[in-house]
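Residue numbers (full-length UniProt numbering), protein chains in the order written: chain A, 1 to 382; chain B, 1 to 292.
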């Protein structure tokens, strides 16, 4: 070996070692999972539930040996419920070496940050429910809950066939989440021949709902459909109680959320609607999860905690299935996949994802009675 | 018509709480030519004193309010004056303004850090029953809020005009140098003003938190609306702050119902611009001259 050849070989080997270093994870290195979520700002309520559900899941997963024999490190990033911040946090998570991103929940922030994850080929399991999330051709986005376009037909069928509603007033949040839900709901009302007689939007963070409720009450509608975030839902329901509104109140998931029940107290009793997930579901897996969650965090989880928990176990199942922590292989494997509780108990209910990342599973019609969700009917998978 | 009456009463109730916060701006301006940009956070914080008393010390709602009153007087009254206003005021109004903006951020972030970033349920002082007034269904809570706020303002006016201490405070506000020559303890009168502001902030907090829920960032909206109300009504007159608060409460409700819900938050700002253009001293304020 001459000197020049030796130097070239040494330099080449050194370069290869340096280049490979970031990706050469050993068995001792943890697999990094990014939790990009609303921990402050308007979405703190939902984000806190999500974080706690996710933390519980990965603590269990680590206690059971982790993923592929490696421990999981959950990195938390606060979006502050702000779209530009969420985008920066997703970029930071990717720079920090995240294998998969979970969150955020607010559709308006997901719309902005999912493009960053897509450009970097990082799978993202979101809690967002606006229809457009899975309609943008992003092969790396997956839901952990129903999109509004899937849940509204179920609710519309109930309003039309069971409740016999002919006219309805709609109160919705003037953001991507609310607009998507409102559009889906109104379209379904037209299909079922139910007339929308009042269409009232409100702002995220709005505190005073007196005028909104006066208009809803005066609309003459037989029923009021509310599609707001949790805190605004609670304020609206308190105002509805204050103004002695007699119409039936319906909602989709957030309105019957445990946090709304905690904040609005008696004002939420009698509210009915459709929920994709509920801590009160008569499902053994969910009942066990709720017990564990309450023992650890001393409060009752809402659907966001269940979304995060099942999302974490979907990550576990898929990673074990593909046998490596590979982003592209993960995204490919999760499309058109069904996970049953028999295969992975942490998934809680049989859950399927289609080729767009849309989720499908059983759901529930509930009524709030004495401050608790009471399941009226379990609805089959679509 | 019933709809209008409901909106009017509801707007007056909310507006009367804005007025309590707006009076704080007026009082501090009169006493020390100070603008407290943490006034919104001053209204937000006492609700968390009450909740902390209930949840951490196990107190009932009433004792927790008394505890919050003491904490508000000490922290938002005495400490605020001694630690921030007294050292900075000799350097002019601008350092005070910057300091109170920083104080507001500190208070907000502290509540978020040490209590919670989530909205908290807050007990209501009054029944959730409703009564019918001229065909309109009106909540007992709205009427009680309106009566309590206006009673508090009435008591304050009586104190300021009908008692010796109150007149000394007015003298201090009008001309501290002359008041001191006449034997008024100016420093004590200014301290009383800060304590009254703290007590009014507590009252506003206890009245509004059952409706808005207690949350760390409630002060952002409340502070802005109270500031606008004080300017619209007249920054140097308590009756102006009352008028401004009530006016904005009612206009906000009527605008949301009859104009546009989307632009409701812009309506008070439009009103502010109109008032500044037409009557810079505010609806009930007095024009002030200043030597430059």
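Glycine is no exception: its CB is placed at the ideal position from the N, C-alpha and C atoms.
Of the residues the options, the one placed nearest residue i, counting alpha carbons only
i: residue 271 (chain B); options: B:283, B:261, B:50; result: B:283
i: residue 34 (chain B); options: B:141, B:97, B:79, B:119; result: B:97
i: residue 268 (chain A); options: A:324, A:278, A:257, A:276; result: A:257
i: residue 141 (chain A); options: A:208, A:115, A:149, A:154; result: A:115
i: residue 188 (chain A); options: A:149, A:215, A:174; result: A:149
i: residue 191 (chain A); options: A:215, A:166, A:214; result: A:166
i: residue 64 (chain B); options: B:73, B:53, B:71; result: B:53
i: residue 45 (chain A); options: B:150, B:193, B:163, B:120; result: B:120
i: residue 37 (chain A); options: A:93, A:324, A:328; result: A:93
i: residue 12 (chain B); options: A:246, A:298, A:201, A:210; result: A:210
i: residue 181 (chain A); options: A:201, A:248, A:367; result: A:201
i: residue 271 (chain A); options: A:208, A:280, A:255; result: A:255
i: residue 241 (chain B); options: B:217, B:193, B:153, B:176; result: B:153
i: residue 74 (chain B); options: B:164, B:249, B:49, B:186; result: B:49
i: residue 76 (chain A); options: A:375, A:373, A:58, A:341; result: A:58
Sequence-distant residues of its chain with Cβ nearer than 8 Å to residue i (five each side left out)
i: residue 18 (chain A); result: Low confidence applies here, because residue 18 (chain A) scores a pLDDT of 45, under 50, leaving its location unreliable and the question unanswered by this model.
i: residue 247 (chain B); result: 15, 229, 232, 233, 271, 283
i: residue 21 (chain A); result: Unreliable placement is indicated for residue 21 (chain A), whose pLDDT of 43 sits below 50; no coordinate value is reported for it.
i: residue 334 (chain A); result: 123, 142, 314, 318, 353, 357
i: residue 24 (chain A); result: Below a pLDDT of 50, predicted positions are generally treated as unreliable, and residue 24 (chain A), at 42, falls in that range; the measurement from the model is reported next regardless. There are no such residues.
i: residue 16 (chain A); result: Any reading at residue 16 (chain A) needs caution, since the residue's pLDDT is 47, under 50, leaving its predicted position unreliable; the model's value is listed next. If we look at residue 16 (chain A) and ignore the five residues flanking it on each side, it has no Cβ neighbours.
i: residue 60 (chain B); result: 54
i: residue 146 (chain B); result: 9, 12, 13, 16
Beta-carbon contacts of residue i that lie in its chain and below 6 Å, excluding the five residues immediately before and after
i: residue 113 (chain A); result: 86, 87, 90
i: residue 171 (chain B); result: 179, 184
i: residue 346 (chain A); result: 313
i: residue 69 (chain B); result: 202
i: residue 42 (chain B); result: 76, 201
i: residue 146 (chain A); result: 276
i: residue 363 (chain A); result: 276, 379
i: residue 302 (chain A); result: 49, 257, 258, 259
i: residue 100 (chain B); result: 36, 37, 38
i: residue 127 (chain B); result: 140
i: residue 42 (chain A); result: 81, 204, 205
Close-in-space but distant-in-sequence residues of the same chain around residue i (CB under 7 Å, 5 per side omitted)
i: residue 176 (chain A); result: 107, 108, 111, 130
i: residue 129 (chain B); result: 140
i: residue 219 (chain B); result: 40, 41, 43, 44, 104, 108
i: residue 292 (chain B); result: Confidence in residue 292 (chain B) is poor, its pLDDT being 49 and thus under 50, which makes the residue's placement unreliable; the coordinate value appears in the next sentence. Nothing listed; no residue qualifies.
i: residue 264 (chain A); result: 234, 237, 238
i: residue 7 (chain B); result: 253, 254, 257
i: residue 382 (chain A); result: 150, 360
i: residue 327 (chain A); result: 99, 121, 122, 123
i: residue 369 (chain A); result: 269
Counted within 10 angstroms of its Cβ, other Cβ atoms place residue i as buried (16 or more) or exposed
i: residue 137 (chain A); result: exposed
i: residue 264 (chain B); result: buried
i: residue 1 (chain B); result: exposed
i: residue 286 (chain B); result: exposed
i: residue 39 (chain B); result: buried
i: residue 316 (chain A); result: buried
i: residue 114 (chain B); result: exposed
i: residue 83 (chain B); result: exposed
i: residue 80 (chain A); result: buried
i: residue 287 (chain A); result: exposed
i: residue 188 (chain B); result: exposed
i: residue 84 (chain A); result: exposed
Presumed contact (8 Å Cβ cut-off) between residue i and residue j, rounded CB distance
i: residue 196 (chain A); j: residue 170 (chain A); result: 6 Å
i: residue 104 (chain A); j: residue 331 (chain A); result: Actually they are not in contact, since the Cβ atoms of residue 104 (chain A) and residue 331 (chain A) sit about 18 Å apart, beyond 8 Å.
i: residue 238 (chain B); j: residue 255 (chain B); result: Not confirmed; about 26 Å, so no contact.
i: residue 144 (chain A); j: residue 307 (chain A); result: 4 Å
i: residue 231 (chain A); j: residue 173 (chain A); result: Not confirmed; about 11 Å, so no contact.
i: residue 204 (chain B); j: residue 67 (chain B); result: At roughly 17 Å, the Cβ-Cβ gap does not stay under 8 Å, so residue 204 (chain B) and residue 67 (chain B) are not in contact.
i: residue 173 (chain B); j: residue 25 (chain B); result: At roughly 13 Å, the Cβ-Cβ gap does not stay under 8 Å, so residue 173 (chain B) and residue 25 (chain B) are not in contact.
i: residue 66 (chain A); j: residue 72 (chain A); result: 6 Å
i: residue 214 (chain B); j: residue 122 (chain B); result: 5 Å
i: residue 329 (chain A); j: residue 322 (chain A); result: 4 Å
i: residue 22 (chain B); j: residue 245 (chain B); result: 5 Å
i: residue 410 (chain A); j: residue 32 (chain A); result: No statement about residue 410 (chain A) is possible, as the shown extent of chain A runs from 1 to 382 and does not include it.
i: residue 383 (chain A); j: residue 293 (chain A); result: Residue 383 (chain A) lies beyond the residue range present for chain A, which begins at 1 and ends at 382; the question has no answer from this structure.
i: residue 213 (chain A); j: residue 251 (chain A); result: Not confirmed; about 15 Å, so no contact.
i: residue 39 (chain A); j: residue 51 (chain A); result: 7 Å
Cutoff 8 Å: residue i Cβ touching any chain D Cβ
i: residue 133 (chain B); result: Of the chains in the structure shown, none is chain D; the protein chains are A and B.
Legend entry - 3 or more residues per run - each beta strand (DSSP E) lying fully within the segment 276-320 of chain A: none
Legend entry - Every unbroken alpha helix (DSSP H) within the segment 60-136 of chain B, with a cutoff of 4 residues, ordered by chain: 61-72, 93-114
Inset, instruction - Would you list, in sequence order, the uninterrupted alpha helix (DSSP H) runs of no fewer than 4 residues that lie entirely inside the segment 174-242 of chain A? - result: 176-191, 210-218, 230-242
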